[in-house]
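Heads up: the structure comes next, in structure tokens.
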Amino acid sequence: MRAMVLNEPKRPLELRDVPKPKPGRGQLLVRVSTCAVCRTDLHVLDGELPNPKLPLILGHQIVGHVEEIGEQICEGPERRDSRGTKAAPTFAIGDRVGIPWLGWTDGDCAYCRSGRENLCDNALFTGYTIDGGYAEFTVADARYCFHLPERYSDVEVAPLLCAGLIGYRSYRKTGDARRLGIYGFGNAAHLIAQIAIYEGRELFAFTRPGDKATQQGAKELGVVWAGGSDEMPPEKLDAAIIFASVGPLVPAALCALAKGGIVVCGGIHMSDIPSFPYADLWEERVITSVANLTRRDGDEFFEIAPRVPIRTLTQTFPLEEANIALDRFRAGKLGGTAVLTIAK
Ligand SMILES: [Zn+2]
Ligand SMILES: [Zn+2]
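According to numbering that gives the first Met the number 0, the stretch in the sequence shown is residues 0 to 343, in order.
This is the structure we're talking about:
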């Protein structure tokens, strides 16, 4: 099969003919239709995340169809969460399937046992520690895959699998904050803003200073205020989400918070955070991060996404142009989320 392979970080991906994977126990063999490009792919490519599998096939926002099913796992693995258990999804040959970042957990560590599989000590991640979707085929553990809402095409739904899903986890961490700021108005922000507005939040968009085009786009989406990340909003915020991987935004966001407010860092990688006066944190302000996703996040998100309905902005590239898509993403020259189109 054709695949775009990362041989080592900081080198372009190489188009190669590699063996088609075989589905193991509990796995699906999936013919990949589309795979959206995530900023995390850039972090892996640029060597900013430690110990990737090498050589590696990147990509963790995968949409495809089930081609073959490995030996079934009989004991009925369960989706544990604080509200009880939910049966794992079942798939048949030909079903459309979404494959996210969280590829496997042990189900047995202290985190898994307490409903926090996103923090699992032994988790495997798609397109990072196991092969992903920049290829014609991939295999995935069926228990971590999702059925996708029918209203979306394979291209439209791909960005929901990470930007949407992990963005949603960041959003949920803000609780019932009425005034919500978002720093870094890229793919994840664009999707989450639609849910926040749908749920009646007042949204404040912070972009790179002077980026009037993005501020205008945010206003058209329905935010109450848009400005540069060096500006103070007209009112104090109950919460802020930072999607940009820029550490100095943390103390900046903290200064924009009302008492008891929370700053949620939604990225997997960020530059160093500069020091700041304790007074900025005092009065019960909180700084937290979001790591990965749980399957419950996915179940909730794919339930709400078509109700809003969340619309995605995409720009497609054929598989062999993955390096071009990644370069344009890094340079901020995309008109939407880059989606690799692989099978028709
Ligand atoms: Zn675990
Ligand atoms: Zn991602």
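Here a beta-carbon is modelled for each residue, glycine too, at the ideal position from N, C-alpha and C.
Measuring CA to CA, which of 26, 8, 296, 285 is closest to residue 47? Position 48 of the sequence shown holds residue 47. When only C-alpha atoms are compared, the closest one is 8.
Using 10 angstroms around the beta-carbon of residue 158, count the other beta-carbons present and answer buried if the total reaches 16, otherwise exposed. Taking the first residue of the sequence shown as position 1, residue 158 is located at position 159. Under this definition residue 158 is a buried residue.
Distance check for residue 295 and residue 83, CA to CA, integer angstroms please. Working through the sequence shown from its first residue, we reach residue 83 at position 84. Working through the sequence shown from its first residue, we reach residue 295 at position 296. Residue confidence for residue 83 is low, a pLDDT of 45 falling below 50, so the modelled location carries little weight; the figure read from the coordinates is stated next. Each residue's alpha carbon lies about 11 Å from the other.
Look up residue 182 in the DSSP assignment and give the residues it is bridged to. Taking the sequence shown and counting its residues from 1, the one referred to as residue 182 is at position 183. For residue 182, which the question treats as bridged, DSSP gives the partners 205, 241.
Answer yes or no: the CB of residue 33 versus the heavy atoms of ligand 2, is any distance below 8 Å? If you number the sequence shown from 1, residue 33 lands on position 34. Not under cutoff, so the answer is no.
Bridge partner(s) assigned by DSSP for residue 15: To locate residue 15, count along the sequence shown from 1; it is residue 16. Answer is 2, bridged to residue 15.
Going by DSSP in three states, residue 137 sits in which element: helix, strand or coil? To locate residue 137, count along the sequence shown from 1; it is residue 138. It is a strand residue.
What are the boundary residues of the alpha helix (DSSP H) that includes residue 316? Stepping through the sequence shown from its first residue, residue 316 is reached at position 317. Residue 316 -> not in any alpha helix (DSSP H); beta strand (DSSP E) instead, spanning 313-317.
Report the rounded CA-to-CA distance for residue 143 versus residue 97, giving the unit in angstroms. The residue labelled residue 143 in the question sits at position 144 within the sequence shown. The residue labelled residue 97 in the question sits at position 98 within the sequence shown. Approximately 9 Å between the Cα atoms of the pair.
By Cβ distance, which residues of its chain are closer than 7 Å to residue 41, with the 5 residues on each side in sequence left out? Residue mapping note: residue 41 aligns to position 42 of the sequence shown, counting from 1. Hits under 7 Å: 325, 328, 329.
I'd like the list of long-range same chain contacts for residue 290, defined as Cβ closer than 7 Å, with 5 residues on each side in sequence excluded. Residue 290 sits at position 291 when you count from the first residue of the sequence shown. So the list reads 117, 118, once near-sequence residues are dropped.
Beta-carbon gap between residue 15 and residue 185 smaller than 9 Å: Here residue 15 corresponds to residue number 16 of the sequence shown, with the count starting at 1. Here residue 185 corresponds to residue number 186 of the sequence shown, with the count starting at 1. Not in contact: residue 15 and residue 185 (Cβ atoms no closer than 9 Å).
Tell me the start and end of each unbroken alpha helix (DSSP H) in the region 111-180 that is at least 4 residues and wholly inside, in chain order. 153-156, 162-171
Which one of 141, 168, 4, 332 has the shortest CA to CA distance from residue 89? In the sequence shown, the residue the question calls residue 89 occupies position 90. Closest option to residue 89, Cα to Cα, is 141.
Mark residue 215 as exposed unless 16 or more other C-beta atoms lie within 10 angstroms of its C-beta, in which case mark it buried. Locating residue 215 in the sequence shown gives position 216, where the first residue counts as 1. Its Cβ having fewer than 16 others within 10 Å, residue 215 is exposed.
Three-state class that DSSP yields for residue 303 in the structure shown: As a position in the sequence shown, residue 303 is number 304, starting the count at 1. It is helical.
Quick test of the definition: if touching needs 3 or more C-beta pairs under 8 Å, does the region 167-180 touch the region 97-113? no
Got a sec: does ligand 2 put a non-hydrogen atom nearer than 8 Å to the Cβ of residue 37? One-based indexing of the sequence shown puts residue 37 at position 38. Because some heavy atom of ligand 2 lies under 8 Å away, the Cβ of residue 37 counts as near it: yes.
Taking a contact to mean a Cβ-Cβ separation below 9 Å, would you say residue 288 touches residue 264 in this structure? One-based indexing of the sequence shown puts residue 288 at position 289. One-based indexing of the sequence shown puts residue 264 at position 265. The answer is yes: Cβ separation under 9 Å.
With residue 3 and residue 321 assumed to form a contact (beta carbons below 8 Å), what rounded beta-carbon distance in angstroms separates them? As a position in the sequence shown, residue 3 is number 4, starting the count at 1. As a position in the sequence shown, residue 321 is number 322, starting the count at 1. Correct: roughly 4 Å between the Cβ atoms.
Taking contact to mean at least 3 C-beta pairs separated by less than 8 Å, is the region 14-30 in contact with the region 59-67? yes
Range of the contiguous alpha helix (DSSP H) that encloses residue 219: Numbered from 1 along the sequence shown, position 220 holds the residue referred to as residue 219. 211-220 is the extent of the alpha helix (DSSP H) around residue 219.
Just curious, the alpha helix (DSSP H) that residue 39 is in, first and last residue? Against the sequence shown, residue 39 aligns to sequence position 40. First-last of the alpha helix (DSSP H) with residue 39: 38-44.
Distance between residue 135 and residue 19 (C-alpha atoms, nearest Å): Counted from its first residue, the sequence shown places residue 19 at position 20. Counted from its first residue, the sequence shown places residue 135 at position 136. In a straight line, the C-alpha of residue 19 is about 8 Å away from that of residue 135.
Compute the beta-carbon to beta-carbon distance between residue 258 and residue 230, rounded to the nearest angstrom, for a pair I have assumed lies under 8 Å. Here the question's residue 258 lines up with position 259 in the sequence shown. Here the question's residue 230 lines up with position 231 in the sequence shown. Not quite, the Cβ-Cβ distance comes to about 21 Å (not below 8 Å), so this is no contact.
Do you know whose CA, among 232, 69, 278, 193, lies nearest residue 139's CA? On the sequence shown, residue 139 is found 140 positions in, with the first residue counted as 1. Cα-wise, what sits closest to residue 139 is 69.
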